[in-house]
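See below for the structure under consideration.
Number of protein chains: 2
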Amino acid sequence: MTFTSRTPRVAAARKLQRRRDRDQSGRFLAEGPQAVREALAAGVVVELFATDDAAERYADLIAHAEVVSLVSDDGLAALAETVQPQGLVAVCEQVDVPLKEALGKKPRLVAVVAEVRDPGNAGTILRTADAAGAGAVVFAGDAVDPYNGKCVRASAGSLFHVDVVRSPLDVVTPLREAGLQVLATSGYGADDLDTLADDGVLAAPTAWLFGSEAHGLPPALLDAADRQVRVPIYGGAESLNLAAAAAVCLYASARAQR
Amino acid sequence: MTFTSRTPRVAAARKLQRRRDRDQSGRFLAEGPQAVREALAAGVVVELFATDDAAERYADLIAHAEVVSLVSDDGLAALAETVQPQGLVAVCEQVDVPLKEALGKKPRLVAVVAEVRDPGNAGTILRTADAAGAGAVVFAGDAVDPYNGKCVRASAGSLFHVDVVRSPLDVVTPLREAGLQVLATSGYGADDLDTLADDGVLAAPTAWLFGSEAHGLPPALLDAADRQVRVPIYGGAESLNLAAAAAVCLYASARAQR
Numbered sequence: 008m009t010f011t012s013r014t015p016r017v018a019a020a021r022k023l024q025r026r027r028d029r030d031q032s033g034r035f036l037a038e039g040p041q042a043v044r045e046a047l048a049a050g051v052v053v054e055l056f057a058t059d060d061a062a063e064r065y066a067d068l069i070a071h072a073e074v075v076s077l078v079s080d081d082g083l084a085a086l087a088e089t090v091q092p093q094g095l096v097a098v099c100e101q102v103d104v105p106l107k108e109a110l111g112k113k114p115r116l117v118a119v120v121a122e123v124r125d126p127g128n129a130g131t132i133l134r135t136a137d138a139a140g141a142g143a144v145v146f147a148g149d150a151v152d153p154y155n156g157k158c159v160r161a162s163a164g165s166l167f168h169v170d171v172v173r174s175p176l177d178v179v180t181p182l183r184e185a186g187l188q189v190l191a192t193s194g195y196g197a198d199d200l201d202t203l204a205d206d207g208v209l210a211a212p213t214a215w216l217f218g219s220e221a222h223g224l225p226p227a228l229l230d231a232a233d234r235q236v237r238v239p240i241y242g243g244a245e246s247l248n249l250a251a252a253a254a255v256c257l258y259a260s261a262r263a264q265r
Numbered sequence: 008m009t010f011t012s013r014t015p016r017v018a019a020a021r022k023l024q025r026r027r028d029r030d031q032s033g034r035f036l037a038e039g040p041q042a043v044r045e046a047l048a049a050g051v052v053v054e055l056f057a058t059d060d061a062a063e064r065y066a067d068l069i070a071h072a073e074v075v076s077l078v079s080d081d082g083l084a085a086l087a088e089t090v091q092p093q094g095l096v097a098v099c100e101q102v103d104v105p106l107k108e109a110l111g112k113k114p115r116l117v118a119v120v121a122e123v124r125d126p127g128n129a130g131t132i133l134r135t136a137d138a139a140g141a142g143a144v145v146f147a148g149d150a151v152d153p154y155n156g157k158c159v160r161a162s163a164g165s166l167f168h169v170d171v172v173r174s175p176l177d178v179v180t181p182l183r184e185a186g187l188q189v190l191a192t193s194g195y196g197a198d199d200l201d202t203l204a205d206d207g208v209l210a211a212p213t214a215w216l217f218g219s220e221a222h223g224l225p226p227a228l229l230d231a232a233d234r235q236v237r238v239p240i241y242g243g244a245e246s247l248n249l250a251a252a253a254a255v256c257l258y259a260s261a262r263a264q265r
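Protein sequences appear in the order of chains A and B. Reading the first sequence from the start, the letters are residues 8 to 265 in this note's numbering. Reading the second sequence from the start, the letters are residues 8 to 265 in this note's numbering.
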């Protein structure tokens, strides 16, 4: 039996494109073979929807899913947010953990996206933090939902590799109590990233705080942090794009912590 | 007199949203106060369209434009590609220079986007290269048009700060002849970025080659380069997003060249 966009199970899964339904159900959608593979490896796939073609092409993935439902092209199009999901969409259990649990593992590198509302930026920072060896990424305050489809796609699977945390905005005290120095990024920060690297400051376990591109970090977080750090600007640009600045900071830490 | 979307001058300017018309006319559109300010400073504004409100709010910009045309909200909406252009769109002369001219200034840091087709990625790399102190950014081969509206916006004004070059794909020889070592980025590169930094290699004048996120660099460019360099991955991610990888590489050079 092949489901269509009007089959109740498909219509119900489609609702997970909305935050309210994700929050209520504790589930979300992952689309495309890469994300589905990572979700299966993480053991969080509740149901895998696949077209006939995809079921054949990705037989290895199908074999690892407990519940597989074949869908028509139209059914898949209803579930997918991209034009090329390559025939696969999985309903997954949400994977985030409490802050206490993530910090209990004593990560040496943590990224905090505080009130970052752009899902592409947040997902890219999640991917970059994972690449730089971070143990946890904290979505703090009124940040984008980490299970937003665009964020999931921008994370390119990293949502399943690091501890993702959703937390209120006042994260500085618990981060510090977990032995992390807390570095807030700001275009007007008193400390220059390259100078901190020269002085050996970045070798210590570190949590980086990143604010929204439009507003930066909330003053309360800037004030609570151990340092306010700016990425040096060597040319005529006024600033860096948020995800680029995060990449430079996280990799400066990764290099210092080797 | 206030122009509307049907005024021939507005309709003609609107055509610059299309590459063919940009290529034929040698002009492009810049929207919003930041881009317009930079374009005016660069002396390339041919005509500035402004709503009544914007003409009042940005009187300093209006005063510096030789030709100002007031447009209705509907006329501005026709010219703008974003929902919030803040009432300003400028027709500008294209600013790119020949490769020979850019290299004649002996830049110590150059970024090449080779066949990068995503305008957001290309514009972000342009902005990051500017911030890192690069003298030139080369759009090589079948790369996105640097005057694509999304690229212009992602560059956040950097289009007007560095030498932008459009060139065929075979850039390695002229770059090397200008005294630059040519480093090609590749997820499979034999050289690790952090090791090159440790060994002092990055202090030399450098041109970085970045390929498309989907296909990487063309084999001919990888082979022609002096080294193939990978950004180290310390965690579970397979790779970095293109613009994030470029930020890490360009800032590693900037730091080494201080």
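Glycine residues also receive a C-beta, built at the ideal position from the N, C-alpha and C atoms. Nothing here was measured: the structure is a model prediction, and the numbers come from that model.
**OP:** Determine whether the Cβ of His-222 of chain B lies closer than 9 angstroms to any Cβ atom of chain A.
**Re:** Not one chain A Cβ lies under 9 angstroms of His-222 of chain B.
Original post:
Expressed to the nearest angstrom, what Euclidean distance is found between the alpha-carbon atoms of Asp-81 of chain A and Ala-18 of chain A?
Top reply: Straight-line Cα distance between these residues: approximately 12 angstroms.
Subject >> Environment of Ala-254 of chain B [buried if 16+ CB atoms lie within 10 Å] >> reply: Using a 10 angstroms sphere on the CB of Ala-254 of chain B, the tally of other CB atoms reaches 16 or more, which defines it as buried.
Original post:
Listed from N- to C-terminal order along the chain, which residues in the region 171-197 of chain A have their beta-carbon within a distance smaller than 9 angstroms of any beta-carbon of chain B?
Top reply: If you check each beta-carbon in the region 171-197 of chain A against every beta-carbon of chain B, none falls closer than 9 angstroms.
**OP:** Under 6 angstroms Cβ to Cβ from Tyr-258 of chain B, same chain only, skipping five residues before and after it: list those, please.
**Re:** So the qualifying residues of the chain are Ala-139.
Subject >> Three-state class that DSSP yields for Ala-252 of chain A in the structure shown >> reply: Ala-252 of chain A: helix per DSSP, three-state reduction.
Subject >> Residues bridged to Gln-235 of chain A (per DSSP) >> reply: Answer by DSSP bridge pairing, in chain order: A:Ala-191.
**OP:** Report the residue ranges of all beta strand (DSSP E) runs contained in full by the region 172-217 of chain B; include only those spanning at least 3 residues, in chain order.
**Re:** Counting only runs of 3 or more, we get 188-192 and 213-217.
Original post:
Roughly how many angstroms lie between the CA atoms of Arg-134 of chain B and Arg-44 of chain A, to the nearest whole one?
Top reply: Each residue's Cα considered, the two are about 34 angstroms apart.
Original post:
Which value, in whole angstroms, describes the spacing of the CA atoms of Glu-184 of chain B and Leu-176 of chain B?
Top reply: Looking at the two C-alpha atoms, the distance is approximately 16 angstroms.
Subject >> Three-state secondary structure assigned by DSSP to Glu-63 of chain A >> reply: The three-state secondary structure of Glu-63 of chain A, taken from DSSP, is helix.
Subject >> Start and end residues, alpha helix (DSSP H) containing Glu-108 of chain B >> reply: 106-111 is the span of the alpha helix (DSSP H), which, as asked, contains Glu-108 of chain B.
Subject >> Within chain A, the residues that Leu-268 of chain B reaches when beta carbons sit closer than 8 angstroms >> reply: Because residue 268 of chain B is not part of the residues shown, which for chain B are 8 to 265, the question remains open.
Subject >> Sequence-distant residues of the same chain with beta carbon closer than 6 angstroms to Leu-87 of chain A, five excluded per side >> reply: It is worth fixing the name first, because residue 87 of chain A is Ala in this sequence and not Leu. Within the same chain, Ala-87 of chain A has close Cβ partners Glu-38 and Val-96.
Original post:
With contact counted as at least three CB pairs below 8 angstroms, one residue from each stretch, are the region 163-177 of chain A and the region 188-199 of chain A in contact?
Top reply: Contact fails: fewer than three Cβ-Cβ distances are below 8 angstroms.
Original post:
At a CB-CB cut-off below 7 angstroms, which residues of chain A make contact with Thr-131 of chain B?
Top reply: Going along chain A in sequence order, the residues near Thr-131 of chain B (Cβ under 7 angstroms) are Asn-248 and Ala-251.
Subject >> Under 8 angstroms by beta carbon: chain B residues contacting Val-169 of chain A >> reply: Within 8 angstroms of the CB of Val-169 of chain A, the CB atoms of chain B belong to Gly-242 and Gly-243, in sequence order along the chain.
Subject >> Reference Ala-150 of chain B; option with closest CA among B:Asp-67, B:Asp-60 and B:Gly-218 >> reply: With distances taken between Cα atoms, Ala-150 of chain B lies closest to B:Gly-218.
Original post:
Going along the chain, which residues of its own chain have a beta-carbon closer than 6 angstroms to the beta-carbon of Ala-163 of chain B, five neighbours each way excluded?
Top reply: Taken in chain order, the residues that qualify are Arg-134.
Original post:
Between the C-alpha atoms of Val-75 of chain A and Ile-69 of chain A, what's the straight-line distance to the nearest angstrom?
Top reply: Roughly 7 angstroms between the two C-alpha positions.
Original post:
Is it true that the region 50-58 of chain A meets the region 96-115 of chain A, where meeting means three or more beta-carbon pairs spaced less than 8 angstroms apart?
Top reply: Contact between the region 50-58 of chain A and the region 96-115 of chain A is present, because at least three Cβ pairs lie under 8 angstroms.
Subject >> Contacts around Val-104 of chain A, its chain only, beta-carbon distance under 8 angstroms, and the 5 residues preceding and following it disregarded >> reply: Closer than 8 angstroms at Cβ, skipping near neighbours: Asp-170, Val-171 and Val-172.
Subject >> Opposing strand residues paired with Leu-68 of chain A [DSSP bridges] >> reply: Answer by DSSP bridge pairing: none, since Leu-68 of chain A is not bridged.
Subject >> Alpha carbon of Arg-64 of chain A to alpha carbon of Thr-9 of chain A, nearest angstrom >> reply: Rounded to the nearest angstrom, the two C-alpha atoms are 17 angstroms apart.
Original post:
Quick one: which chain A residues come within Cβ less than 9 angstroms of Gly-164 of chain B?
Top reply: Result: Gly-243, Ala-244 and Glu-245.
Original post:
Looking only at C-alpha atoms, which of B:Ala-161, B:Ser-79, B:Ala-147 and B:Gly-207 sits nearest to Pro-181 of chain B?
Top reply: Of B:Ala-161, B:Ser-79, B:Ala-147 and B:Gly-207, the residue nearest in Cα terms is B:Ala-147.
Original post:
DSSP state of Gly-223 of chain A, grouped into three classes?
Top reply: Residue state, collapsed to three classes: strand.
**OP:** Taking Ala-161 of chain A and Gly-130 of chain A to be in contact with their CB atoms under 8 angstroms, please state how far apart those CB atoms are, rounded to whole angstroms.
**Re:** About 3 angstroms separates the two Cβ atoms, so the contact holds.
**OP:** Measure the Cβ-Cβ separation of Ala-121 of chain A and Ile-132 of chain A and say whether it is below 9 angstroms.
**Re:** No.
Original post:
Is Arg-25 of chain A helix, strand or coil by DSSP?
Top reply: In the structure shown, Arg-25 of chain A sits in coil (DSSP, three-state: anything other than H, G, I, E or B).
Original post:
Helix or strand or just coil, what does DSSP make of Ser-76 of chain B?
Top reply: Looking at Ser-76 of chain B - three-state DSSP - the assignment turns out to be strand.
Subject >> Closest Cα partner of His-71 of chain A within the set A:Ala-227, A:Asp-201 and A:Ala-46 >> reply: Minimum Cα distance to His-71 of chain A is reached at A:Ala-46.
Original post:
Can you name the residues that DSSP bridges to Val-117 of chain B?
Top reply: For Val-117 of chain B, which the question treats as bridged, DSSP gives the partners B:Ala-143 and B:Ala-214.
Original post:
Name the DSSP bridge partner or partners of Glu-54 of chain B?
Top reply: DSSP lists B:Val-98 as partners of Glu-54 of chain B.
Original post:
Do Ala-143 of chain A and Lys-107 of chain A have their C-beta atoms closer together than 9 angstroms?
Top reply: Contact flag unset, no.
**OP:** State buried or exposed for Gly-156 of chain B, treating a residue as buried only when at least 16 other CB atoms are found within 10 Å of its CB.
**Re:** Per the 10 Å Cβ criterion, buried.
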